[in-house]
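Sequential numbering of the sequence shown, starting at 900, is according to this note's numbering.
Just so it is clear, CB atoms sit at the ideal spot from N, CA and C, and this is done for glycine as well.
All remarks here apply to the structure that follows.
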Amino acid sequence: MGERWVAEPERVGTEALPDGRLLGWAEWGPLDGVPVVFSPGAGTGRRLGFGPDVVGPLGVRLVAVDRPGLGASTPAPGRGFGDFAHDIARLAERRGLGRPAMVGNSQGAPFALACAAAGVVSALALVSAADEAAHPAVRPGLPEEFGRLVDAVLADPEGAEAGFTGFTAEAMRDMVMAGSPESDLAVYAEPGFAAAYRAALQEGFSQGAAAGYARDTVLAMARWEIALDAVAVPVDVWYGEDDRSHSPDLGATLADRIPGAVRHLVPGVGGAVLWTHAEAVLRRLLDRLGEG
């Protein structure tokens, strides 16, 4: 597999949580590196990291985590954002990560934000973040079809979650490809990336959409139960200028609602910016650690 954007993890495993559930993880970079926890995108298992060619030189220990019900992590029916922050705190204790930095990508972004609001992490990068679609300042700018779906989630969250349980890894991949600009497809079509992404989705959906993806999606599309004004760590918000799927205003409203957040717009790419600009994202995150 080409290692320009992705590579197989150097270490994989599971961690037992106090309630007996397992949390799956995968790591890249030196064990004594600066810990950076990664909350991946929708339905994606722990094996799809980023920046394999830079984590070593930068001294980063990148730890990707399967959210409950995805990949190797035990389902947790009815969970919320705060539960995930609690899980990450326990994982950090047991894996010796201290108070790590964190990166949240796409649908994984609000879960990472919850960790920042809970004080579990010391700095945060949100990359191609799924915006709070149901927020009154965001909802009017959504495409009509997606807006109707958000309204349906708000009207009947349980029914919407049940509806998402029929989703599959292949359906997710097809949806992402159909909504991606040419600049992203150039990344996604690279054979090594394409194989890694497909494998990560297969792993993420290995327990079925009902185990994890459906709950993640309802949480992300409803009003976020996250106290953004409580975020007291440095936050950077990254979007590719070609991105038309994650936020109607490329995160302008989102960044404005997070105290001190700094927004970065990257030309010539869309949602693939995490992989094309991994070094810039990680360097900035390391620089910001001293400010937390």
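DSSP three-state assignment for Met-900, whether helix, strand or coil: Along the sequence shown, read from residue 1 onward, the residue named residue 900 stands at position 1. The predicted position of Met-900 is uncertain, since its pLDDT is 36 and thus under 50; a value taken from the coordinates is nonetheless stated next. Assigned with DSSP and collapsed to three states, Met-900 falls in coil, not helix or strand.
Buried or exposed (CB count within 10 angstroms, at least 16 for buried), Glu-1057: Here residue 1057 corresponds to residue number 158 of the sequence shown, with the count starting at 1. Label assigned to Glu-1057: exposed.
Cβ neighbours of Gly-1167 in the same chain (closer than 8 Å, five flanking residues each side left out): Along the sequence shown, one-based indexing puts residue 1167 at 268. So the qualifying residues of the chain are Ser-1082, Gly-1139, Glu-1140 and Asp-1141.
Buried/exposed call for Asp-986, threshold 16 Cβ in 10 Å: Counted from its first residue, the sequence shown places residue 986 at position 87. The residue is buried, with at least 16 neighbouring Cβ atoms inside 10 Å.
Option in Gly-1062, Gly-981, Ile-1125 and Ala-906 with minimal Cα separation from Ala-1110: One-based indexing of the sequence shown puts residue 1110 at position 211. Ranking Gly-1062, Gly-981, Ile-1125 and Ala-906 by Cα distance to Ala-1110 puts Gly-1062 first.
Under 8 Å between C-beta atoms of Val-1020 and Ala-1033: To locate residue 1020, count along the sequence shown from 1; it is residue 121. To locate residue 1033, count along the sequence shown from 1; it is residue 134. No, these two residues do not count as a Cβ contact at 8 Å.
Collapsed DSSP secondary structure at Glu-926 in the structure displayed: For the purposes of this step, residue 926 is taken as the residue at position 27 of the sequence shown. Three-state DSSP puts Glu-926 in a strand.
Candidates Val-911, Thr-973, Pro-976 and Thr-943, of which the one nearest Val-962 by Cα: Sequence index remark: in the sequence shown, residue 962 carries index 63 (1-based). The residue with the shortest Cα to Cα distance from Val-962 is Val-911.
Length of the line joining the Cα atoms of Ala-1068 and Tyr-1112: Within the sequence shown, the letter at position 169 stands for residue 1068. Within the sequence shown, the letter at position 213 stands for residue 1112. The straight-line gap from Cα to Cα measures roughly 10 Å.
C-beta atoms of Arg-978 and Val-964 nearer than 8 Å: The residue you call residue 978 lines up with position 79 of the sequence shown. The residue you call residue 964 lines up with position 65 of the sequence shown. Not closer than 8 Å, so no.
Buried or exposed by the 16-neighbour rule on C-beta atoms within 10 Å, applied to Val-1037: Locating residue 1037 in the sequence shown gives position 138, where the first residue counts as 1. Val-1037 is buried by the Cβ-count criterion.
DSSP state of Pro-944 mapped onto helix, strand, coil: In the sequence shown, residue 944 corresponds to position 45, counting from 1. The residue asked about is misnamed: residue 944 is Gly in this sequence, not Pro. Reduced to three states, the DSSP call for Gly-944 is coil.
Which of helix, strand or coil DSSP assigns to Glu-1124: One-based indexing of the sequence shown puts residue 1124 at position 225. The answer is coil: DSSP assigns Glu-1124 none of H, G, I, E or B.
Inter-stretch contact (C-beta, 8 Å, three-pair minimum) for the stretch 1046–1057 and the stretch 1002–1019: Result no; under three Cβ-Cβ pairs closer than 8 Å.
Rounded Cβ spacing between Arg-960 and Glu-926 (contact assumed at less than 8 Å): By one-based count along the sequence shown, residue 960 stands at place 61. By one-based count along the sequence shown, residue 926 stands at place 27. With 8 Å as the limit, Arg-960 and Glu-926 qualify as a contact, their Cβ atoms being about 6 Å apart.
Extent of the continuous alpha helix (DSSP H) run through Ser-1082: For the purposes of this step, residue 1082 is identified with residue 183 of the sequence shown, where counting begins at 1. From DSSP, the alpha helix (DSSP H) with Ser-1082 extends over 1081–1087.
Residue(s) in a DSSP beta bridge with Thr-973: The residue labelled residue 973 in the question sits at position 74 within the sequence shown. Answer is none; Thr-973 lacks a bridge partner.
Burial state of Thr-973 (16 or more Cβ within 10 Å): Here residue 973 refers to the residue found at position 74 when the sequence shown is read from its first residue. The residue is buried, with at least 16 neighbouring Cβ atoms inside 10 Å.
Anticipated Cβ contact below 8 Å, Trp-1174 with Trp-904, distance rounded: Along the sequence shown, read from residue 1 onward, the residue named residue 1174 stands at position 275. Along the sequence shown, read from residue 1 onward, the residue named residue 904 stands at position 5. With 8 Å as the limit, Trp-1174 and Trp-904 qualify as a contact, their Cβ atoms being about 4 Å apart.
Rounded straight-line distance, which links the Cα of Trp-924 to that of Asp-1186: Residue mapping note: residue 1186 aligns to position 287 of the sequence shown, counting from 1. Residue mapping note: residue 924 aligns to position 25 of the sequence shown, counting from 1. Approximately 25 Å between the Cα atoms of the pair.
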